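*Asks:* Residue numbers (the working numbering), protein chains in the order written: chain W, 1 to 73; chain F, 1001 to 1346.
Cβ coordinates follow ideal geometry from the N, Cα and C atoms, glycine included.
Values in this document were obtained by computation on a predicted structure and should not be read as measured data.
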Amino acid sequence: MTDNEKIDLIAEVLDVESSKLSPDTVLSDLAEWDSVAALAFIAMLDEHFGKTIKGTEIRAFETVRDAMNVMTK
Amino acid sequence: MISKKFCNISIEGLACAVPSKVVLSQELTELFDANSVNRFVAATGIKQRHVTNGKQTGSDLCYVAAKKLMEEKSLSGDDIDALVFVTQFPDYKIPSTAYVLQYRLGIKQDCLVFDVNLGCSAFINGIYFLAGLVESGTINRGLLLVGDVDMEYQNTSDISFAGMFGDAGSACLITKGTDSINGMIRSDGSGYKTIWTPKPGARFPQEKNGPLFKTMNGEDTFTFTITKVPKLLKEFCNTFETPIESFDYCVLHQANLMVLQQIAKKLKLDMMKVPVSLDKYGNTDGSSIPVTIVDLCEKLKKGERLNLIASGFGVGLSWGVISLTIATDDILPMIVTDDYYKEDYV
Chain W
1 MTDNEKIDLI
11 AEVLDVESSK
21 LSPDTVLSDL
31 AEWDSVAALA
41 FIAMLDEHFG
51 KTIKGTEIRA
61 FETVRDAMNV
71 MTK
Chain F
1001 MISKKFCNIS
1011 IEGLACAVPS
1021 KVVLSQELTE
1031 LFDANSVNRF
1041 VAATGIKQRH
1051 VTNGKQTGSD
1061 LCYVAAKKLM
1071 EEKSLSGDDI
1081 DALVFVTQFP
1091 DYKIPSTAYV
1101 LQYRLGIKQD
1111 CLVFDVNLGC
1121 SAFINGIYFL
1131 AGLVESGTIN
1141 RGLLLVGDVD
1151 MEYQNTSDIS
1161 FAGMFGDAGS
1171 ACLITKGTDS
1181 INGMIRSDGS
1191 GYKTIWTPKP
1201 GARFPQEKNG
1211 PLFKTMNGED
1221 TFTFTITKVP
1231 KLLKEFCNTF
1241 ETPIESFDYC
1251 VLHQANLMVL
1261 QQIAKKLKLD
1271 MMKVPVSLDK
1281 YGNTDGSSIP
1291 VTIVDLCEKL
1301 KKGERLNLIA
1311 SGFGVGLSWG
1321 VISLTIATDD
1331 ILPMIVTDDY
1341 YKEDYV
């Protein structure tokens, strides 16, 4: 999966336009990065990559790149 | 393996009660910004909840549901051989609230009575216990009461708690009969901290600091749910050779809409077969499955017989699946009540 495709999926999770995101975007700067988005991220990871993630790992994400890094099969 | 087909058993009746006070999710805008509230409503599906007037407890709601159900079925306290009350919020520390309910409902002394501390898998586990007692011949008829009021969430600063939980109580009669109930139960104590209220209890009897209310690791709870629950539902259907499509409805614990959609997606189940009561009642903890059945029944014709598969999952960690049949005529319409027990102790 390309980086752009990953960003599209993260944008879908956050319910924002992909153009608003880059790998360097700081998640805490986005009002949409909240507990609901964390659950949507888990569902996306399960559906597209068949993997699970701990809550502590998600809360440690600082940038969009951190989220992209776990999006592997 | 904890799975069993219980034979010669029937669900004789089901009733639920909720408080009359309704809180709309949009009222959360008084505490949180409108965008957060809209996202919360879209993700959880919760538009409103019925909440306690502050005096009602889970046992009060169960009492009203049980009394009405016993009247409808022309049963007296002499006809009940076991009363199980499943709750996370008992009326008193000691004794078990089930004994107070036995007294209030006028149930005979020749009766097995106990509380069980369980949350969102309460109805599934409760049916499993009582089905075993009925099938073994230990009892002829059991009364399962599941009820909670989550007063502790009303002042929280976290929207996913503040707007999530509704209050409800349910009563279900299980008796010797001509049907069967299949059940499958799973438990994972290694996840005991995922949803917990550590204080006050015997482990920390003197500690006054720190939160005294329930904490939940939302992400880990969600992961547990969307992985373990579809897996168990599939195992259940394979074991009992009952394809999921063969059931009229799949009634899931009403955790939130995202959870229901995710489980349905994994089971390739149309959401038309997954009834939702979250919109009206929120997440009503252990009684959410009976609340959803009652809510569903209000949309169906009388004289039908429903073939249901149901799954509850949550604190413990605990999760399970049952299948059962129930006649719509045996499901009472939702009871709305403000009654509560006027305790004379001060």
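Pull the bridge partners of residue 1218 of chain F from the DSSP assignment, please.
*Replies:* Mapped onto the second sequence, residue 1218 of chain F falls at position 218. DSSP, once it has assigned bridges, lists no residue as partnering residue 1218 of chain F.
*Asks:* Pull out every residue of the segment 1037-1059 of chain F whose Cβ sits closer than 7 angstroms to any Cβ of chain W, in chain order.
*Replies:* Residues 1039, 1040 and 1043.
*Asks:* Under 9 angstroms, do residue 1258 of chain F and residue 39 of chain W count as touching if we go by C-beta distance?
*Replies:* As a first step, residue 1258 of chain F must be located in the second sequence, where it is residue number 258. As a first step, residue 39 of chain W must be located in the first sequence, where it is residue number 39. Yes; because the gap between Cβ atoms is below 9 angstroms, this pair is in contact.
*Asks:* Show which residues of chain F have a CB atom less than 8 angstroms away from the CB atom of residue 42 of chain W.
*Replies:* Here residue 42 of chain W refers to the residue found at position 42 of the first sequence. Near residue 42 of chain W (Cβ distances below 8 angstroms), the residues of chain F are 1219, 1222, 1223 and 1226.
*Asks:* Taking only runs that begin and end inside the segment 32-70 of chain W, name each unbroken alpha helix (DSSP H) of 4 or more residues, in chain order.
*Replies:* You should have 35-49, 55-59 and 64-69.
*Asks:* Going by beta-carbon coordinates alone, are residue 1312 of chain F and residue 1191 of chain F separated by less than 9 angstroms?
*Replies:* Counting from 1 along the second sequence, the entry for residue 1312 of chain F is found at position 312. Counting from 1 along the second sequence, the entry for residue 1191 of chain F is found at position 191. Contact flag unset, no.
*Asks:* What residues from chain W crowd round residue 1258 of chain F, counting only those whose CB sits closer than 9 angstroms?
*Replies:* Here residue 1258 of chain F refers to the residue found at position 258 of the second sequence. Ordered by position in chain W, the residues that pass the 9 angstroms Cβ test against residue 1258 of chain F are 36, 39, 40 and 43.
*Asks:* Report the neighbours of residue 1160 of chain F on chain W: residues whose CB is nearer than 8 angstroms to its CB, in chain order.
*Replies:* Working through the second sequence from its first residue, we reach residue 1160 of chain F at position 160. Correct list: 35 and 36.
*Asks:* Could you check the C-alpha separation between residue 7 of chain W and residue 1322 of chain F for me, to the nearest Å?
*Replies:* Along the first sequence, read from residue 1 onward, the residue named residue 7 of chain W stands at position 7. Along the second sequence, read from residue 1 onward, the residue named residue 1322 of chain F stands at position 322. Their Cα atoms are separated by approximately 40 angstroms.
*Asks:* CB residue 1049 of chain F to CB residue 1240 of chain F, shorter than 9 angstroms?
*Replies:* Within the second sequence, residue 1049 of chain F is the residue found at index 49, counting from 1. Within the second sequence, residue 1240 of chain F is the residue found at index 240, counting from 1. No, the Cβ-Cβ distance between residue 1049 of chain F and residue 1240 of chain F is not below 9 angstroms.
*Asks:* Helix, strand or coil for residue 1237 of chain F per DSSP?
*Replies:* The residue given as residue 1237 of chain F occupies position 237 in the second sequence. The answer is helix: DSSP assigns residue 1237 of chain F an H, G or I state.
*Asks:* Nearer than 8 angstroms: is that true of the beta carbon of residue 1168 of chain F relative to any heavy atom of the ligand NAP?
*Replies:* The ligand NAP is not part of this structure, which contains no ligands at all.
*Asks:* Can you check which of these residues, F:1001, F:1013 and F:1314, is closest to residue 1222 of chain F by C-alpha distance?
*Replies:* By 1-based counting over the second sequence, the position of residue 1222 of chain F is 222. Per the Cα distances, F:1314.
*Asks:* Using a beta-carbon distance cut-off of less than 9 angstroms, what residues from the segment 1261-1273 of chain F approach chain W?
*Replies:* From the segment 1261-1273 of chain F, only 1261, 1262, 1265 and 1266 have a Cβ closer than 9 angstroms to chain W.
*Asks:* For residue 1068 of chain F, is the classification buried or exposed, using 16 other Cβ atoms within 10 angstroms of its Cβ as the cut-off for buried?
*Replies:* Here residue 1068 of chain F refers to the residue found at position 68 of the second sequence. With 16 or more Cβ atoms within 10 Å of its Cβ, residue 1068 of chain F is classed as buried.
*Asks:* List, in order along the chain, the chain W residues whose C-beta lies closer than 7 angstroms to that of residue 1035 of chain F?
*Replies:* Counting from 1 along the second sequence, the entry for residue 1035 of chain F is found at position 35. Per Cβ cutoff of 7 angstroms: 31.
*Asks:* Taking the straight line between their C-alpha atoms, what separation do you get for residue 1266 of chain F and residue 12 of chain W?
*Replies:* Reading the second sequence from its first residue, position 266 is the one you call residue 1266 of chain F. Reading the first sequence from its first residue, position 12 is the one you call residue 12 of chain W. Each residue's Cα considered, the two are about 19 angstroms apart.
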